[in-house]
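Engineer: Going by UniProt numbering, the sequence shown opens with residue 1, and the numbers climb by one from there.
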Amino acid sequence: MTTASYLTTQAPAADTRLPAEWRDFLALTKPRVMTLVVFTGLCGLLAAPVAIHPVIAFTAILCIALGAGAAATLNQWYESDIDALMVRTAQRPLPAGRMDRQSALHFGVGLGVFSVLLMGLAVNVLSAVILTASILFYVVIYTVWLKRRTPQNIVIGGAAGAFPALIGWAAATGRVETLPVLLFALVFLWTPPHFWALALFMKADYAAAGVPMMPVVAGRRATRTQVFLYSLPMAAVAMAPYAMGLAGALYGAVTGALTLLFVALAARVGFSREEDQAAMKPERQLFGFSILYLFVVFGALVADRWLLA
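(1) Of the choices P193, L250, A104 and A238, whose alpha-carbon is the least far from that of G69?
(2) Any idea what DSSP makes of E274, helix, strand or coil?
(3) Go to W77, then tell me how far its alpha helix (DSSP H) extends in each direction, as first and last residue.
(4) Give the DSSP-derived three-state secondary structure of R305 in the structure shown.
(5) Which parts of the segment 214 to 241 are runs of the alpha helix (DSSP H), unbroken and 4 residues or longer, counting only runs that do not cross its ends?
(6) Under DSSP, the alpha helix (DSSP H) around T40 begins and ends at which residues?
(7) For T2, count neighbouring Cβ atoms within 10 angstroms of its own Cβ and tell me buried if that reaches 16, exposed if not.
(8) Answer yes or no: do M213 and P151 have a C-beta to C-beta separation smaller than 9 angstroms?
(9) At the level of alpha carbons, what is the spacing between G299 and W169?
(10) For F195 and A159, which I take to be in contact (beta-carbon distance under 8 angstroms), what is that distance rounded to the nearest angstrom?
(11) Applying the criterion that 16 or more other CB atoms from any shown protein chain within 10 Å of the CB defines a buried residue, is E79 buried or exposed?
(12) Write down the C-beta distance between L186 and M244 rounded to the nearest angstrom, noting that I regard them as a contact closer than 8 angstroms.
(13) Per DSSP, what kind of secondary structure is T259 in: helix, strand or coil?
(14) Going by C-alpha distance, which of T259, A122 and A253 is nearest F231?
(15) Return the CA-CA distance between P241 and L36, expressed in angstroms with no decimal places.
(16) Rounded to a whole number of angstroms, what is the C-alpha to C-alpha distance between M99 and V50?
(17) The alpha helix (DSSP H) spanning residue 342 covers which residue range?
(18) Assuming residue 312 contacts K203 under a Cβ cut-off of 8 angstroms, what Cβ separation, rounded to an integer in Å, is found between them?
(19) What do you get for E283, buried or exposed, if any count of 16 or more other CB atoms within 10 angstroms of its CB means buried?
(20) So is L261 buried or exposed if we call it buried at 16+ other beta carbons inside 10 Å?
(21) Have a look at V113 and S272 and give me their C-alpha separation to the nearest angstrom.
(22) Does DSSP put P164 in a helix, a strand or coil?
(23) Cα separation between K281 and T29?
(24) Quick one: what does DSSP say A20 is sitting in, helix, strand or coil?
(25) How about the segment 134 to 153 and the segment 175 to 185: do they share at least three Cβ pairs that are nearer than 8 angstroms?
(26) Counting C-beta neighbours from all protein chains within 10 Å, is the total for F39 16 or more, i.e. buried, or is it exposed?
(27) Figure out for me which residue from I82, V269 and A171 has the closest Cα to the Cα of G210.
(28) Is there a Cβ from chain D that is less than 9 angstroms from the Cβ of F287?
(29) Taking the alpha carbon of V302 as the point to measure from, which residue in C43, G252, L66 and A20 has its own alpha carbon closest?
(30) If you drop the 5 nearest sequence neighbours on each side, which residues of the same chain put their C-beta closer than 7 angstroms to that of R101?
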């Protein structure tokens, strides 16, 4: 063997990873998910019964967005192995090979630390503390501890996505009160039917990745029952602000109508026996509507508060 051929056979294979672009860093933050997070945080801020300087308000919402992006990035950093096994997530920057894990880790930690420090220095300490709790809950409790261990991962982990309204309110007022706690509870109870509706028609993906989502562990029938059952306390919490006099007739009318429709769609899912993934229309309808539901309900709360002011 010649020296040249020896060097050729012994040389390490060239790194075929493509250089990450700004789009890849943006993708790590899950911008579509972040939209809902930022919106609920903004609504919590705008629904608060105090005036807040526009610059402080913008800073608070920016910090919520950066914190959500940090949590999403660290989630993808930790789950890059299972993301590579699922069709829905295989083209994310890490499993697709467009970025190395260390870059994602540094980006996520940097975003998280910056968002918390900025919130604490520019807004108030309470909102920074809750923002810290939300990031840690999503990354440590949900991603690291729960997701690969229990089908209840979404039930407990739903708290992570429920924090933004609480953060927005605390940013405006410097305190936590009954209404933002109800908003927290609404998102917490909304999460299982929302996410299990997705998991029902993505069961094969989660099974391939070994993630113990409810449809994989308990089966579709049991999951459908849980979707319907969780929609009932969610409906009660959604109407609680109106029933307790914390929101007016506009909120009550809009939320009442949408909540009835949500429960009706959840009932269709609950009584469905369809096993063909391609034919799961009720599940897809509930998943799509659930996103619209949260946007409109939170928007109605803000409209109601501003119209009454």
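Just so you know, even glycine gets a beta-carbon here, dropped at the ideal spot from N, CA and C.
Structural biologist: Reading off the structure:
(1) A104
(2) In the three-state reduction of the DSSP assignment, E274 falls in the coil class.
(3) From DSSP, the alpha helix (DSSP H) with W77 extends over P54 to Y78.
(4) Of the three classes helix, strand and coil, the one that applies to R305 here is helix, per DSSP.
(5) 214 to 217
(6) P31 to A47
(7) The predicted model places T2 with a pLDDT of 44, which falls under 50 and marks its position as unreliable; any figure quoted below should be read in that light. Counting Cβ neighbours within 10 Å, T2 comes out exposed, since fewer than 16 surround it.
(8) yes
(9) 15 angstroms
(10) 13 angstroms between Cβ atoms; not a contact.
(11) buried
(12) No, L186 and M244 are not in contact; Cβ-Cβ is about 13 angstroms, not under 8 angstroms.
(13) helix
(14) Per the sequence shown, the amino acid found at residue 231 is Ser instead of Phe. Among T259, A122 and A253, the Cα nearest to that of S231 is on T259.
(15) 20 angstroms
(16) 44 angstroms
(17) With the chain covering only 1 through 309, there is no way to say anything about residue 342.
(18) A question about residue 312 goes unanswered here, because the residues of the chain that appear run from 1 up to 309.
(19) buried
(20) When all chains shown are included, L261 counts as exposed.
(21) 45 angstroms
(22) helix
(23) 29 angstroms
(24) Coil at A20, not helix or strand.
(25) no
(26) F39 comes out buried.
(27) I82
(28) Here there is only one protein chain, and chain D is not present.
(29) C43
(30) Result list for R101: W77, S80 and L94, in chain order.
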